[in-house]
Amino acid sequence: MRILLFGDGAWATRSLLCLQQSKRWQVVGLVLRVQPSEETLEQAARDLSIPILQPQKVNESESIEQVKALAPDLNLSISYNQILGLPMLESAPLGFVNFHAGKLPFYRGRNVINWAILNGEKEIGLTAHFVDEGIDTGDIILQTTIPILWTDTYGDVLSRIVEYFPSIVTQTVERLANGDYKRQPQDIAGGTYFAGRDTGDEWLDWKDTSFNLHNKIRAISRPGPGARTTLYEQEVIVWRAFHDPSSPKYLATPGQVVGRNQDGVLVKTGDSTLYVKEVQFQNSSSITPRWPIGTRLGTDAAAILSAVFGRLKLIGF
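Start counting the sequence shown at 0; every next residue gets the next number (numbering that gives the first Met the number 0).
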């Protein structure tokens, strides 16, 4: 069986290497993203002498002809980011299969690992499904779950997925090669969609609950951009924090340091407290915060304006 892989990133690289080890099928080509997230997949394909395509627009007739010239029996998508039109979907007799880090029909769309952690999920799905003209709506071939622990960061969950996904890929290919699978239609109306995260989404609102802040910080920790707050109008990245659900709930000033020790500071939130353990100022290394009790994080717009006008009065304006 001839396989054409559309992909990007570490899980596509690991899957390619696993697929190439089998003598039952042959990876006849690799279709890369226009702007790959890293170079490992391309290098792996070059090392294996696998032809590489990198179309700007995958649905143009020239791209479709290039794919058909490779004569794939099956197309696989692993973190490929272009929406595929019907001619490309029909370019292989066994169809087009996508591997999605989400428990479909829930968590369709983009950045679903981040969203699952943000929502406080205790597990994340790994799904193999046929690609149709919708977005993550095709019939499911195989699905499993792996745990998300209370202290897991984005990097922890991503590493687990990268380690586990190649086995999902090879199991799916085995089933398709043997004709030993059932198509499970998705509940189209009953699923959930998530859009890509963007600049500005990383800012913390200390009036939010400790549960939400705990999840947000770990959801966009390394290799993500990191959650952001301010200290004396300086931008601060919060890489690591912890919420103890048994912490007492009480009213006080959100964003204010209310405790500290050698491992970090306790910051008041909208309902209880959050233990902030690793931060980083711009253009410096990460540190354990040891700010004095009473320090306030996340200055709001009104406070900034008040401070600016106060300075202007001091210099005679």
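In this text, a Cβ means the ideal position worked out from N, Cα and C, and glycines have one as well.
message: In whole angstroms, give me the CA-to-CA distance for Val257 and Gln281.
response: 24 Å
field: Spatially closest choice to Tyr180 from Val96, Arg159, Leu3, by CA coordinates
entry: Val96
Counted within 10 angstroms of its Cβ, other Cβ atoms place Val33 as buried (16 or more) or exposed: exposed
query: With 16 as the cutoff for other CB atoms within 10 Å, does Arg259 come out buried or exposed?
result: buried
- prompt: Which residues does DSSP pair with Pro146 in a beta bridge?
  reply: Glu122
field: Those residues which DSSP pairs with Gln25 across a bridge
entry: Arg1
Alpha-carbon spacing of Glu64 relative to Pro50, whole angstroms: 15 Å
query: For the beta strand (DSSP E) that Ser76 lies in, which residues bound it at each end?
result: 73 to 77
message: Quick check on DSSP: helix, strand or coil for Gln213?
response: Checking the sequence, you will find His at residue 213 rather than Gln. Note: His213 maps to helix in three-state DSSP.
- request: Return the first residue and the last residue of the alpha helix (DSSP H) that Arg227 is part of.
  value: No alpha helix (DSSP H) holds Arg227; the beta strand (DSSP E) holding it covers 226 to 230.
field: Close-in-space but distant-in-sequence residues of the same chain around Leu16 (CB under 7 Å, 5 per side omitted)
entry: Ala43
query: Rounded to a whole number of angstroms, what is the C-alpha to C-alpha distance between Gly263 and Pro288?
result: 5 Å
message: Rounded to the nearest angstrom, what separates Ile134 and Gly108 at their Cα positions?
response: 7 Å
- prompt: Between Leu141 and the rest of its own chain, which residues show a CB-CB distance below 8 Å, the 5 nearest in sequence each way excluded?
  reply: Thr126, Ala127, Ile167, Gln170, Thr171, Arg174, Tyr180
- prompt: Quick one: what's got a C-beta closer than 7 Å to Ser337's C-beta in the same chain, skipping five residues either side?
  reply: With the chain covering only 0 through 316, there is no way to say anything about residue 337.
task: List the DSSP bridge partners of Lys267.
output: Thr272
Inter-residue CB distance, Lys121 and Ile147 (contact presumed, cutoff 8 Å): 6 Å
message: Ser14 and Ile77 - do their beta-carbons sit closer together than 8 Å?
response: yes
- prompt: So what's Val161 in DSSP terms, helix, strand or just coil?
  reply: helix
field: Rounded C-alpha distance that separates Gln340 from Ala11
entry: What the structure shows of the chain is the stretch from 0 to 316, and residue 340 is not part of that stretch, so it cannot be assessed.
query: Got a sec, what are the start and stop residues for the beta strand (DSSP E) Gly258 sits in?
result: 256 to 260
query: Mapping DSSP to helix, strand and coil, what is Gly293?
result: coil
- prompt: Name the DSSP beta bridge partners of Asn97, please?
  reply: Ser76, His128
Thr229 vs Leu296 beta-carbon contact at 8 Å: yes
query: Can you pull the DSSP bridge partners for Pro105?
result: One detail in the question is off: residue 105 reads as Phe in this sequence, not Pro. Per DSSP, none; premise fails for Phe105.
message: Alpha carbons only, please: which of Val266, Gly119, Gln279 is nearest the one belonging to Pro291?
response: Val266
query: Got a sec? Which residues, its chain only, sit under 8 Å from Pro222 by beta carbon, not counting five neighbours each side?
result: Tyr153, Gly154, Leu157
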